[in-house]
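For the sequence shown, my numbering assigns the number 479 to the initial residue and increments by one for each residue that follows. Where is the CB? At the ideal position from N, CA and C, for every residue including glycine. Small disclaimer: the values here were computed from a predicted structure and weren't measured. Everything below concerns the one structure shown next.
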Amino acid sequence: MRIRYLYIALLLDAVASPAVADLALTNGSKATTDSSIMHRNNVVPTRSLRYVKLASTNNEARANVNFKALRNLVNKINHNDIRSRLLGRIKVKSITVAKLRNQLLNLDDVPFADRIRALVEMGEFTRKLSTKIAERMQDNKLLVIYLQQLDKLAKEPALRRNCAILRSNAYSCLTVEDFGGNYFELIDLVSSPNYSKLVKSKKLVEKLIAACYDDKMQLADMATMLKLEKPGSYLINSPVLGAFLEHLSLRSQNTNTGDLIKELIHIFGEERLSILFHAASISSDHNMDMIGTSFEILQFELWRKYKASPDKLQTMITANDLRNEYSDKILFTYNAYYDAITSTEAWASKSKNFDLIATPEYQEWSDALMKPFPDDLTKPFPDDYPIKAKICSLVYGDETLITALLSSDNGGHHESQQLLDELITLCVAEKLVKSHVKIIFNRLLADENLVTNPLLNGWAKYIDLLLRKPSVTSADKAYVISKDIMLATDLEKAKDLAALAANHIHVAAHYSFQDTQFVRWKTYNRVPDDIKKILQNSHDDRALLAIDRKVYTAYEAYCLSSDTIGDYRYDNLILDTNFLLFKLNEKKSSFFTTELYMSWSKFLHNDYVIVDNVELVAFRRWYSDKELLLLLLSPDNMNNIRSRTLLEQLIAAWASDGEGPAPVHLIITLIQEREKWYVTPMLEVWANYNNLMSKENRNSYLLLVDLEDIILAGLLQIELQSNPSSKIAINLQRAQFRRWMAMQIDDNFIHSICVTNFRTDSKELVKIDKTFLSAYNTYLIDTFTTAS
C-alpha cells in the first residue's frame, strides 16, 4: 500500500511541475482559482488546465463548424438582401438551421415568392422538416400558394430535387378547406400532370363533391365547378372525372337511372356526354372504366329506345358537323353494342333451350362484340365478360340467365362461370336487393347438390359486395344476413346427407363455406343470440329444429374461439394464418412457381418438420378436394414437381383415410364436366388411386371393381380408340389388367358385371364393353403364353 501511495505522489509531482503549468497558461488556458481547493506547491494542477482548455477549444471548434455550415447554406441563396440579412444573424448564440429557416420565412417585408425560392435554394431537407414547413404554411393559410410556388420552381433543373421533397409532403397535408372555397383552383391543381395520378388527388375531389352534394348543389353547377363542360382526351385518366363518375354511380342508387341520364344530357348535351362516358370507359383505372362503360351502355339504351340506329347517328353527325376526336370510336362502340343486342334478342326468341355457351353462334357473337377499333386495335369494351353479362341480362333477365348459366348445357364451361360472376357484380350495382336475393336464394335451394352448386360462391360474393356498399340500407343488410343464416341450415342438411353417404369431399366443402359465413356474421357484429333469434323467428312456434341448433351452437363455439378459422376447428392458428398471409387461397397461373408459394413452402418445412405431408394438410383446409385436384391438374401446374408430389400425397390420403368410392365419383364428375384434354390426367389419377386401394384394402378395392373400375376401363378404351398411340392410356390399361389378373378376375366376371349393372341402354357402350373385354382376354392369353 505504501508503494502505491508513493507512486501516486510521484505522478502528481511530474504532472504538476511549473514548467508544464506555464506552458498550459501560455497556450491560452485560464487557470481556475478556487479558495476552497488547495494545490500542491501553489501551482494549479495541469490536469485541470488541460481539461478546461480542451473543453473550451472543442466548443469553439464546434461553433466554428456550425457557423461555417450555416454560412454555406445561406450562401446558396441568390437573393442578395435575404442572404446578407441571414448572414448577419448567424453569429447569434444558439442559432440552428431550423431557427434560421424560421427567420427566413418571417421576413414579411420580402415577397413570399422570393422567400420560398430562398428556402428551396438552401436545401438540406428531411421528411420531418418538410412536413413541419407544410404544417406552418397550412396554419397560415398559405399551403396552396406554397404548392403553386414549388410547382413553378420545380421547372428549374437545379431546384427540381428540393422542390420534389417539399412538394410531396406539402401535398399530403392538403385538404379541401385549404382552398377557402376557391374550388376552381383545386380542380386545376389536382388535374395538373404533377398530381393527377396520385390517389390523394381523387380523394380531394371526392371530398369536394361530397361537400357540394351535402350543400344540395345542382348537378349542372357541380359539372361547371369541376370544369367538365368541354370533355376530351385530357380526361381519360383524370381524378376529376373518376370522382365525378363515382358520385354519379352513388347517386344512381337513390334515383332512377333513366332520369339521371336525361338530366346529364340536359347539362352536357348528347355529344359531350358521350365523350365524357367514352373517355372514362377507356381509362386505365379499372373502376373508372367499369363505371364509364355502365353509363355508356345506359346512354346507348336510350338511343335504342328512340330508334336511333348507328346509321342514323352517323347521318346526324355528318349533317350537323358534330364530328370530334371520339365520334368515330363512339359510333364504332355503339354499332358493336347495337348489333350484339339485336342478335341476342333474335337468338333468344328462336331458341327456348339454355344452350347459350356451347354454340358456334355464341362464339361468333362474342368475336363481333370484342372486335377492336380499326385504327389502334384497342377493344371498344376493355373487359369482355361484364359487357357480355350486361347484354345477356338485358335480353334474358337475371333469373332466366342464372338458370341458363347453371344448366347442364352450360354449367361445365369456364365462360359460364365468368359470366355468372359478372352477373353477380351487376346485380350488386342495381337497387333490387330483395329481388336478387330471392332469385339466387331460391335457385340454390332448388338444387339437390347444394354444396357443389357453382352459384354458392356467387351468393357469397353477392352478399360480401352488398354489405360493403354504402347506399344499402341497414334494413336490407339485415335481410341479406338473415337469408344467409337460413341458407346455413340448408347447407347443414346437405352436409349431414354427405356425411351419411361417407362423402368427405362434400363435408369438407360445406365446412369451407360455413367458415366464410361465420366470418361474415362476426364482421357485421352478429352475436350467437342474434343467430338464435333469427332461426327461431323462421318458425311459427319459435322452436329451434335440430338442424337450426347445429348452426347456432357451431357459431357459438366459433365466437368463443380465436378469430381465425383454423384455430376454431383445428387448433392451428399459425398454419392457417400464413396460408392466407401468402395468399395461397387465391388461385393463380403457374401457382407452384410463384414467389409467394416458394416462400411459404420454405417457412412451412422449417416450422413443421414433424408434421407429415404438411403442405397437403394446409391445402385441404382451404381447398376442397375438387378445387385442389383442378389446381394440381391445371395445364400450367400439372408438370411441376411440387404439384406432382402433392397429387401423389392427395391420392395416398384418399386411400389411407378410407374415403372409398367418393374420390372416384369426383373424378367421374370432373371428366364429364371438363374439356377433352382433362380426361387423360384424370384417368391417371383414378388408376393410381385404384392401385393404392388394392394394396390398402382389398374389400374396398373389390367394391371399386364392382361399381367403378368398369367405367374406368370403358373410358380408357374410348381414349385409346380416339388416340391409339397414347402411352399414358396404354400403360394405365395394362396396369388395370395386371390388377385384375392378380386378383384372379377373368373376362367372364367382368362381362357379368357389365350385363347386370351397366350397359343396358346403348349399343355403342356395349360395343365398348366388348372391345375392352377382348383386349383383356388378349392380355391374359399373351401373359400366359409368355409365362409358359
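Go to residue i, then tell me how far its alpha helix (DSSP H) extends in each direction, as first and last residue.
i, result
"A721", "717 to 730"
"I555", "Unbroken run through I555: none, as it is neither H nor E."
"D845", "838 to 847"
"Q1127", "1119 to 1134"
"S787", "Element bounds for S787: n/a, residue is neither H nor E."
"N935", "933 to 945"
"M1076", "1073 to 1085"
"R579", "575 to 583"
"K1104", "1103 to 1110"
"P864", "862 to 874"
"V915", "911 to 923"
"S1068", "Where S1068 is concerned, there is no enclosing alpha helix (DSSP H), given that its DSSP letter is neither H nor E."
"L1190", "1188 to 1200"
"E748", "748 to 759"
"Q696", "Note, Q696: premise wrong, no alpha helix (DSSP H); not H, not E."
"V683", "677 to 692"
"S670", "Here S670 belongs to no alpha helix (DSSP H), and DSSP marks it neither H nor E."
What's the gap between the Cα of residue i and the Cα of residue j?
i, j, result
"I573", "A648", "26 Å"
"L704", "I835", "44 Å"
"S1067", "N1118", "12 Å"
"V985", "K973", "5 Å"
"I1043", "M1221", "With a pLDDT of 46 at I1043, under the threshold of 50, the predicted position of this residue should be treated as unreliable, and no value is reported."
"L928", "L934", "8 Å"
"I1012", "A938", "19 Å"
"V997", "R1004", "10 Å"
"Q896", "Y863", "7 Å"
"L1106", "F603", "54 Å"
"T793", "E1073", "56 Å"
"N1063", "F1057", "7 Å"
"E970", "V1029", "7 Å"
"L901", "S952", "24 Å"
"I941", "I745", "36 Å"
"L945", "Y1002", "9 Å"
"F545", "Q581", "16 Å"
"Y815", "S827", "18 Å"
"L904", "K1065", "23 Å"
"S608", "I643", "7 Å"
"A987", "T878", "27 Å"
"H892", "I880", "15 Å"
"C870", "C641", "53 Å"
"D899", "N765", "16 Å"
"P852", "T1071", "38 Å"
"L726", "L943", "19 Å"
"F657", "A612", "15 Å"
"I1228", "D1187", "10 Å"
Answer with buried or exposed for residue i, where buried requires no fewer than 16 other C-beta atoms within 10 angstroms of its C-beta.
i, result
"L1059", "exposed"
"M1160", "buried"
"N1115", "buried"
"F662", "exposed"
"E1162", "buried"
"E599", "buried"
"Q1211", "buried"
"R549", "exposed"
"I665", "buried"
"E749", "buried"
"T1261", "exposed"
"R540", "In this prediction, R540 scores a pLDDT of 49, lower than 50, which makes its location untrustworthy; the coordinate-derived value is nonetheless stated afterwards. Classification for R540: exposed."
"I1259", "exposed"
Since I believe residue j is in contact with residue i (beta carbons under 8 Å), could you give me their beta-carbon distance rounded to a whole number of angstroms?
i, j, result
"S759", "G747", "Contact doesn't hold; Cβ gap of about 18 Å is too wide."
"A1213", "N1169", "7 Å"
"N553", "R561", "7 Å"
"T1158", "I1206", "5 Å"
"F755", "Q777", "6 Å"
"D1026", "T967", "6 Å"
"V873", "E842", "With a Cβ gap of about 16 Å, V873 and E842 do not count as contacting."
"P717", "V654", "At roughly 13 Å, the Cβ-Cβ gap does not stay under 8 Å, so P717 and V654 are not in contact."
"L1190", "A1165", "7 Å"
I'd like to know whether the C-beta of residue i is nearer than 8 Å to at least one C-beta of chain C.
i, result
"I555", "Among the chains of the structure shown, chain C does not appear; only one protein chain is present."
What runs of the alpha helix (DSSP H), each 4 residues or longer, lie entirely inside the stretch 589 to 655? Qualifying alpha helix (DSSP H) stretches, in chain order: 590 to 600, 605 to 617, 621 to 631, 638 to 651.
Output the residue ranges of the alpha helix (DSSP H) runs that lie fully inside the stretch 1204 to 1232 and measure 4 residues or longer, sorted by chain position. As for any alpha helix (DSSP H) of minimum length 4 sitting wholly inside the stretch 1204 to 1232, the runs are 1205 to 1220, ordered along the chain.
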